[in-house]
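So the structure is just underneath, and the comments pick up after that.
There are 2 protein chains.
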Amino acid sequence: MKLKDLAAELGLSQTTVSRALNGFPEVNEATRQRVSEAARRLGYRANVSARRLATGRSGAIGVTLPLQRSLHFGPHTAEFLSGISERMAQHDIDIVVTPIDADDEVPVFRRLVASKRVDALVLSAPTPNDERIAALTELGMPFLLHGRADNVKIPHAWLDIDNEGAFRRATSHLLDLGHTRIAMINGPEDQTFAIHRARGFRSAMEARGLSPDPQLIGGGRFTDENGFRLAQAFLERRPRPTAFLAGSMMTALGVFRAIRLAGLELGKDVSMIAHDDVFPYLNADNMVPSMSTTRSSIRAAGARIAELLLQMQDGKPPGSIHELWPVELVLRESTGPAPR
Amino acid sequence: MKLKDLAAELGLSQTTVSRALNGFPEVNEATRQRVSEAARRLGYRANVSARRLATGRSGAIGVTLPLQRSLHFGPHTAEFLSGISERMAQHDIDIVVTPIDADDEVPVFRRLVASKRVDALVLSAPTPNDERIAALTELGMPFLLHGRADNVKIPHAWLDIDNEGAFRRATSHLLDLGHTRIAMINGPEDQTFAIHRARGFRSAMEARGLSPDPQLIGGGRFTDENGFRLAQAFLERRPRPTAFLAGSMMTALGVFRAIRLAGLELGKDVSMIAHDDVFPYLNADNMVPSMSTTRSSIRAAGARIAELLLQMQDGKPPGSIHELWPVELVLRESTGPAPR
DNA sequence: TTTGCTTTCCAAATCGCTTTGAATGCGGCA
DNA sequence: TGCCGCATTCAAAGCGATTTGGAAAGCAAA
């Protein structure tokens, strides 16, 4: 069932049918009804390849999967991708995922652009001097950055959460509770967001005339395992840290295990605030004890990015798109006064 | 830079250039060299939409993301998707992810088929009477099932791991160690794989004249939280279970927390074998104590499914594709003799 | 020289849609 | 009546590849 068939069936020209289906104003309302009814009845759907060829737009947006980067395609990416695709599905736009090695990103971009496979890209996990921005700008491929690349001066669209503010507030709160030996289990050190978090941590400490103990700072992947190992090492130091900041709920689980294994009680002997990207399957409220968190839905960010991408396609200049989302601080049972 | 331009540049016809690039035999080797050199130099890449229209193949395969199903788009799906896309990238085939509500799967399939958006689909998380198989078969859309739909008689391609055998062996091993009160934390009950695992568990028990205690069987999502709650409930029963089977590493983490919280020691007071889908960021070996697992890489399964999909496109009949992968049992420190 | 094969290359049709530029029908108005 | 303007509709020209059905060139055999 193609357009021609449908047109023949209706005794109309392809032009009219096409226009009726695509909501052009110059077609009689009665005709439009007739056309869309027939289309539905006969199960007609435009061949996307043909449409794409004719319009010159691919009707797809690309999301790159970091294969060997410090950030894996893990739960965070999955959740983020859900957010994007949920929104895009409503617009009949495909999400094509492209695995990409850290080494040959630019060649892959070049291919993506030349083959007109996608209309825009979503970039994740930026570093401060992210070179992808220049590459894509030069290639003329629209993109939206999830996160920030502080040192890149080229105008570009981004959406980020206020990592610095979140960790500053979390740290301040721990300081208010009397904690001074605070350990920080951050993300991969090269990532902008991790740098921002470290900055927030440091600035809150310094505001009280303290400075972070480098011995109590760790980074790396957001995994249970990494959280566990770092926390275990930190807990062996004397004096022992009385509070932890964890970069993700995964790390927090590992930290929690280490705390238990050391015979300590979370929320009493040791406090913890973790960053919660809001996974539907990992609820800070339901943990025992419930976890205090800095919270920002990564799925919502994905959905919003999809939205902004659509606006960019409608001509909104990328340089005008900058969103910095505030992060909530949600206090629960895992934080308590510092033991004296 | 389009084919026409490239052809003009070379003083050849589009036909010849196209053939040279696509490796047809009837073009002179010297010409081919000249063509591909020029293509490289000028950065020519075929417009995928045009190619797709001309060939009638979309050059993409679809992966559906269950949005509201019992299985979320979580770490498992992410890892699986990595496997697929890794393999497909080598063939310049796009992966398009389509979010899909459990309710309107068939309409979405119908649209996918009619719009010729993808050449084939990957289906995950089947139930025993999975109705998607009939729907897709009827629509003539090739697909490959990750898992099995036992009661569906329509011939179709599938790849699955031997869940039943894995859990039978794991259970047998626990029985060998003297455990008899074994708790099982399974996956979502409607899923075939969970049913198979339950069957393996039961059959191992029955082979020793025992039968599983329904009070010690739980299901649900593969999350830390779910594992924690179920394990905690089970550990309150008397006599207490001395061993756990966990459906995933995520659940296992929760079980582990519950065990610690109950003041018990894993590997001594309580044993556990978890199913490990092999996440790069969650290593059973590095846990403390290290975790005994039934192991099968879900990423490898994804890669293999991609491979099989390619073979299907080359004409291999779907009905002939059935792969049942054995599952390793890897014993580590989390399993020990039953306390007397 | 002709014929018959290969080898190598080409012109033009095709894929199914969008879009341009023009045609048609019809009521209103002078 | 004749012309204009508006609302509809249409025929045909793209979009950029693949592919069909030859054709030209080169060469060996007749």
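Keeping their order, the protein sequence lines are chains A and B.
Residues in the first sequence are numbered consecutively from 29, following our numbering.
Residues in the second sequence are numbered consecutively from 29, following our numbering.
C-beta: ideal position from N, C-alpha, C; glycine also.
Nothing here was measured: the structure is a model prediction, and the numbers come from that model.
According to DSSP, residues forming a beta bridge with residue i
i	result
PHE171(B)	LEU149(B)
SER320(B)	ILE301(B)
ILE189(A)	TRP353(A)
THR126(A)	THR92(A)
GLU212(B)	The sequence as given places Met at residue 212(B); Glu does not occur at that position. MET212(B) is bridged to ILE245(B) and LEU273(B).
LEU31(A)	None, per the DSSP bridge assignment.
LEU310(B)	PHE307(B)
LEU294(B)	VAL298(B)
Closer than 8 Å: residue i CB and nearest the ligand ATP heavy atom
i	result
ASP241(B)	The model on display carries no ligand, and the ligand ATP is accordingly not part of it.
Three-state secondary structure assigned by DSSP to residue i
i	result
ARG332(B)	helix
LEU273(A)	strand
VAL136(A)	helix
PHE52(A)	coil
LEU13(B)	Because chain B is modelled from 29 through 368, residue 13(B) falls outside the range shown and cannot be assessed.
LEU9(A)	Here chain A covers residues 29 to 368 and nothing more, so residue 9(A) does not appear.
LEU38(A)	helix
VAL45(A)	helix
ILE121(A)	coil
GLN219(B)	coil
ALA106(A)	helix
GLU159(A)	coil
ASN179(A)	coil
ARG265(A)	coil
ASP252(A)	helix
LEU205(B)	coil
PRO346(A)	helix
ALA366(B)	coil
SER231(B)	helix
SER325(A)	coil
SER143(B)	coil
MET278(B)	helix
HIS224(B)	helix
MET315(A)	coil
Residue nearest to residue i in terms of C-alpha spacing, selected from the options
i	options	result
ILE223(A)	ASN179(A), MET29(A), GLY87(A) and ASP305(A)	ASN179(A)
ARG265(B)	THR322(B), ASP190(B), ILE245(B) and PHE52(B)	ILE245(B)
GLY247(B)	ALA271(B), ASP218(B), ALA331(B) and LEU187(B)	ASP218(B)
ALA334(A)	ARG257(A), PRO156(A), PHE171(A) and ALA35(A)	PHE171(A)
GLY325(B)	ALA163(B), ALA312(B), LEU337(B) and VAL316(B)	Gly is not the amino acid found at residue 325(B); the sequence shown has Ser there. Among ALA163(B), ALA312(B), LEU337(B) and VAL316(B), the Cα nearest to that of SER325(B) is on ALA312(B).
ILE210(B)	ALA35(B), THR251(B) and ALA366(B)	ALA366(B)
THR322(A)	GLY330(A), ILE287(A) and VAL358(A)	VAL358(A)
PHE101(B)	PHE256(B), THR165(B), ALA130(B) and ARG332(B)	ALA130(B)
ASN254(A)	ALA271(B), MET315(B) and ASN214(B)	MET315(B)
SER64(B)	ILE349(B), SER362(B), SER320(B) and SER46(B)	SER46(B)
GLU234(B)	VAL55(B), THR199(B) and PRO267(B)	THR199(B)
GLY364(A)	SER239(A), LEU40(A), ARG327(A) and ASP204(A)	ASP204(A)
SER318(B)	PHE256(A), HIS350(A) and PHE250(A)	PHE256(A)
THR270(B)	GLY206(B), HIS350(B) and ARG139(B)	GLY206(B)
ILE189(A)	HIS201(A), ILE182(A), GLY175(A) and PRO183(A)	GLY175(A)
PRO216(A)	VAL55(A), ARG249(A) and PRO354(A)	ARG249(A)
VAL355(A)	LYS344(A), LEU336(A) and ALA328(A)	ALA328(A)
ASP305(B)	LYS344(B), TRP353(B), LEU263(B) and SER348(B)	TRP353(B)
SER320(A)	ILE349(A), PRO267(A), ALA274(A) and PHE307(A)	ALA274(A)
GLY237(A)	ALA66(A), THR208(A) and THR251(A)	THR208(A)
ALA232(A)	LEU202(A), PRO242(A) and PHE284(A)	LEU202(A)
**Request:** Report the residue ranges of all alpha helix (DSSP H) runs contained in full by the stretch 65 to 101 of chain B; include only those spanning at least 4 residues, in chain order.
**Result:** Counting only runs of 4+ residues, the alpha helix (DSSP H) found wholly inside the stretch 65 to 101 of chain B occupies 76 to 83, in chain order.
**Message:** Tell me whether the stretch 184 to 202 of chain B and the stretch 219 to 234 of chain B touch, counting them as touching only if at least three CB pairs, one residue from each stretch, are closer than 8 Å.
**Reply:** A contact exists between the stretch 184 to 202 of chain B and the stretch 219 to 234 of chain B.
**Prompt:** Can you find at least 3 beta carbon pairs, one from the stretch 270 to 280 of chain A and one from the stretch 293 to 303 of chain A, that sit closer than 8 Å?
**Reply:** Contact between the stretch 270 to 280 of chain A and the stretch 293 to 303 of chain A is present, because at least three Cβ pairs lie under 8 Å.
**Message:** Under 8 Å: do the stretch 76 to 93 of chain B and the stretch 146 to 155 of chain B share three or more Cβ pairs, one atom per stretch?
**Reply:** The stretch 146 to 155 of chain B and the stretch 76 to 93 of chain B touch, with three or more beta-carbon pairs separated by less than 8 Å.
**Asked** Is the stretch 65 to 81 of chain B in contact with the stretch 72 to 86 of chain A, if contact means three or more CB pairs nearer than 8 Å?
**Response** Yes, they touch.
**Request:** Evaluate contact between the stretch 129 to 149 of chain A and the stretch 107 to 115 of chain A, counting only Cβ atoms and requiring at least three cross-stretch pairs below 8 Å.
**Result:** The stretch 129 to 149 of chain A vs the stretch 107 to 115 of chain A: no contact.
**Message:** So, does the stretch 156 to 173 of chain B touch the stretch 118 to 125 of chain B, judging by three or more C-beta pairs under 8 Å?
**Reply:** Because the criterion of three Cβ pairs below 8 Å is not met, the stretch 156 to 173 of chain B and the stretch 118 to 125 of chain B do not touch.
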